[in-house]
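Under the numbering used here, the first residue of the sequence shown carries the number 857, and numbering increases by one thereafter.
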Amino acid sequence: MRAWVLVAFAVLGFSSCKPKPSQVDAGTRVDAGVDAGVRDAGSDCPTGLSRCPRGCVNLRSEWLDCGFCGNTCSSDELCNNGACRPSCAQPGEMYCGGTECAHPQTDSAHCGRCGNACSPTERCDAGTCMAVPGLAECDGMVVNVTNDEQHCGACNQPCTATQMCSAGVCCESNQTVCGGACVNSRTDRSNCGGCNRMCGSSQVCTNGSCVNCLAGQQVCNDACTTTRTDPQHCGACGNQCGTSQTCVNSVCVCPPALTSCGMDCVDLFSNTAHCGTCGTACANGGPCIAGTCLPPCPAGLTLCAGQCVNTATSNASCGACNVACGANQDCDAGSCVTCAPGPNADCDHDGYTVAEGDCCDTPGTCAQQPERVNPGAFEVTNNFIDDNCNGLLDFADTVDVDACDAMLASNSMSAIDAAKALDICRSVTLDGGVRTWGLISADWQLVNGQPLAFAAGKSIRPGFGATWVPQRGDRLLVISSGMAADSMQTNPGPNVGPMGLQSESHGSVANISQVCDGGCLRDWFIAANPPVKSANQLPTSPVCAAGNVFDPHLANDSVMLILRLRVPTNARAFSLSASFFSVEYPEFVCTDFNDQLVVLVGTSSPTWPQPNPPDMNLATYREGPLRFPVGINVAAGAGIFEACETVGTNLSCDDSQVSTRSCSAGLGPLAGTGFEKPSPLSCAEGGATRWLLVRGNVKPGEELTLRLALWDVGDDRYDSTALLDAFRWELNPVTPGTE
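Here it is as structure tokens:
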């Protein structure tokens, strides 16, 4: 039975392979009927199959008869829908035309479906086009902005020549990107040795390792620092001192002579933005001289380096400040023109020709301001200029520089010796010869112009008491309404001291309101200088109701030194040192017994930068807006009355008018002066100011008269004394008065 079935199948199969010529040719293709799944007309093949020499086949999928009989696909193809196509043998692939097989889950050209191409900066992820991190299209090119040095982080953001692009950030070669920022992992405390490796609060990162700071240090800006001395972190991290400040004991301080105004160290004497006090600005372009705002220069003059100059004629500032004319040039109408040299030339307009001894007539190696160099100038030390043209430079010029008071007798009657004790060493005559500066004449008088008869009211001393020494040279000058001596000095002297009440009367009473032929004080007495002095009155203290006696014009036991000098051609001011002693402390503070010390300057007063006082008296102490005459009443308000017994030490002493600001030095400086306290159980009967600096302005080359006078007011007892020393010329104008 089984054998019959096999034979029957063979017969059947064989007979089916024999085509009927009228039905299918060898080249029969898939027709519309086949595509539609309908039996071919006359075909004996089942629906969907076509008759080919090999028999009935599916032309849609038959590899040997693909699309039409005999069309055999190649070995790497398959028949798909009647056409030979790539086999797309990988799982998940699909055919997308031509010879291309695509995986729609990952193929960027056929993402999700054939023909769905992703952009150049995208990739196909799970059949969806997703942006690729770091890629960007810049100038038509796809770049990786995470490491491209021309497009770092974004298009057209180039790094510098020393930088590299890392993670989209331009960093130097020694840096690493941590958290989107460039850090130096060798020094960064938050990323020490690697990202997010943080050092402790008292550690710094050194060579990629956390290291502890030393004792007394703390971490500021990732570094160990000592905040006691570090000007960048003074007292605390980030507290930066000013450019000229230093850090001392955790406080920003300025150099000596400068004051801290915010972050700046300024000279309150000259800074126009901080004149006298921080924040006090000078208005209208006026300068700051000696801590006082002064008015602008007069018409026709320009402020240059603290001086008013005529830029039309100044060789140092020709046409503008600091525009110096060259050698053999002269400033004419604001322009430097060549000055013809010669013995009679005066190119610098200083009034001296070369034939008259002018050693510097044009700017050059001799000086940049030749108008300040001539035989009429004084020698300025440490400027390396022969200012007075005598062939001697700076300290080698003994005539102008060295003191001349070493061998002066204490009881000398010579007023010229008194000038030498003040350190005025040069003398000059006005009747021909070389025109230089110096002392013209000197005289001792009473304040009414009469001769001084009581010789003991003046002396020249190597010191005074145990602590007072000359401020310059070897001697100082003493004038007194009593005895010009301390408790040990003789010729004249000694001073009998407080037990004798310093009642050494000179036996003179002078009327200073009368006219005289000499150098009396009438012109000062009748002048007014409000609010310090009214006309025909004595000066008064701003904190005392009293201070003028019934007869203010009467001066008891007066002594006055009158000096006439020719001013150097390079001087604009002068100064001297003074100290005032009185036995009237403390009982007569703020009473009419207001003994007077005056320093009167007589000259054709400069109008700029600040004129001398209208009453000519420079012995007026300035403290803020207040003005105090130098006398016993200054103890009531100002702090310069330093050597005395502190108020309230002995309740039996009448010291209620004395300011608590007085007596800062105590009684020590009075030792040996004759003004010291008589005994531990008694009241002090004497006191003194500190050394004061008295200053005034002058005109170069003109004549100057100085009157230094002292007298008792209201009686001839309870004497007062003044120490005077260290007269100096000054190059620049000052604020006149006492400081």
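No residue lacks a Cβ here, since even glycine has one placed at the ideal position from N, Cα and C.
Ala992: not part of any alpha helix (DSSP H); member of the beta strand (DSSP E) spanning 991 to 994, first to last residue. With a cutoff of 8 Å on beta-carbon distance, Ser1100 and Cys1110 are scored as near each other. Separation of the CB atoms of Val1503 and Asp1510 is rounded to 11 Å, and the pair is thereby denied contact status at 8 Å. Counting along the chain, the unbroken beta strand (DSSP E) around Phe1436 starts and ends at 1429 to 1438. Rounded to whole angstroms, the gap between the alpha carbons of Ser1057 and Thr1043 is 14 Å. Leu1564 sits in a strand when the DSSP states are folded into three classes. Measuring C-alpha to C-alpha distances from Ala1499 to each of Phe924, Gly1542, Leu1482, Asp1004 identifies Gly1542 as the nearest. If you keep only unbroken beta strand (DSSP E) runs of at least 3 residues inside the segment 1314 to 1345, you get 1314 to 1317, 1332 to 1336.
Secondary structure within the segment 1063 to 1117: the beta strand (DSSP E) runs of 3 or more consecutive residues, fully enclosed, are 1065 to 1068, 1074 to 1076, 1079 to 1081, 1102 to 1104, 1107 to 1109, 1115 to 1117 (chain order). In the DSSP assignment, the residues bridged to Phe1484 are Tyr1477. The shortest C-alpha to C-alpha distance from Pro1536 to any of Thr1545, Trp1547, Leu1548, Leu1523 is the one to Leu1523.
Ranked by Cα distance from Gln1306, the options Val1415, Pro1326, Glu1595 are led by Val1415.
Bounds of the alpha helix (DSSP H) holding Trp1380 are 1378 to 1382. Spanning the alpha carbons of Asp1217 and Pro1152 requires a straight line of approximately 30 Å. For Cys1051, same chain residues with a beta-carbon under 6 Å away, outside a window of 5 residues either side, are Cys1034 in chain order. Contact between Asp1471 and Ala1383 holds: their C-beta atoms lie close to 4 Å from each other, under 8 Å.
Excluding its 5 nearest sequence neighbours in each direction, Cys1195 has C-beta neighbours in its own chain below 7 Å: Asn1184, Gln1185, Asp1186, Ala1201, Cys1203, Thr1218, listed in chain order. With a 10 Å radius around the Cβ and a threshold of 16 neighbouring Cβ atoms, Phe1444 comes out buried. Here Ile1335 is not near Leu1124, since their CB atoms are 8 Å or more apart.
The C-beta of Asn1012 has fewer than 16 other C-beta atoms within 10 Å across all chains shown, which makes the residue exposed. Nearest neighbour of Thr1476 by Cα position, chosen from Val1388, Gln1059, Ile1418, Met1269, turns out to be Val1388. Using a Cβ-Cβ distance cut-off of 8 Å, the segment 1566 to 1583 and the segment 1131 to 1149 are not in contact, since fewer than three pairs of beta carbons, one from each stretch, lie closer than that value. Gly1313 is a Cβ neighbour of His1362, given a cutoff of 8 Å. For Thr1158, the pairing in a beta bridge is given by DSSP as Val1165.
Note on geometry: alpha-carbon atoms of Ala1582 and Leu1453 lie some 17 Å from one another.
Annotation: Pro1556 to Asn1426 spans about 6 Å, alpha carbon to alpha carbon. By the Cβ neighbour-count rule, Phe1240 is exposed, with fewer than 16 other Cβ atoms within 10 Å of its own. Within 10 angstroms of the beta-carbon of Ala1540 lie 16 or more other beta-carbons, which makes it buried.
When C-alpha distances from Ala1262 are compared across Cys1215, Thr1221, Gly1329, Asp1448, the shortest belongs to Gly1329. In this structure, the beta-carbon distance from Ala1189 to Ala1176 does not fall below 8 Å. Assignment of Phe1583 by DSSP, reduced to helix, strand and coil, places it in the strand class. Between Ala1252 and Asp1243, the CB-CB gap reaches or exceeds 8 Å. Between the C-alpha atoms of Thr1459 and Glu1558 there is a straight-line separation of about 8 Å. In the DSSP annotation of this structure, the continuous segment of the beta strand (DSSP E) that includes Ala939 starts and ends at 939 to 942. Minimum Cα-Cα distance from Trp1585 among the listed residues Pro1087, Ile1280, Asp1299 corresponds to Ile1280.
Where Ile1280 is concerned, there is no enclosing alpha helix (DSSP H), because DSSP gives it neither an H nor an E.
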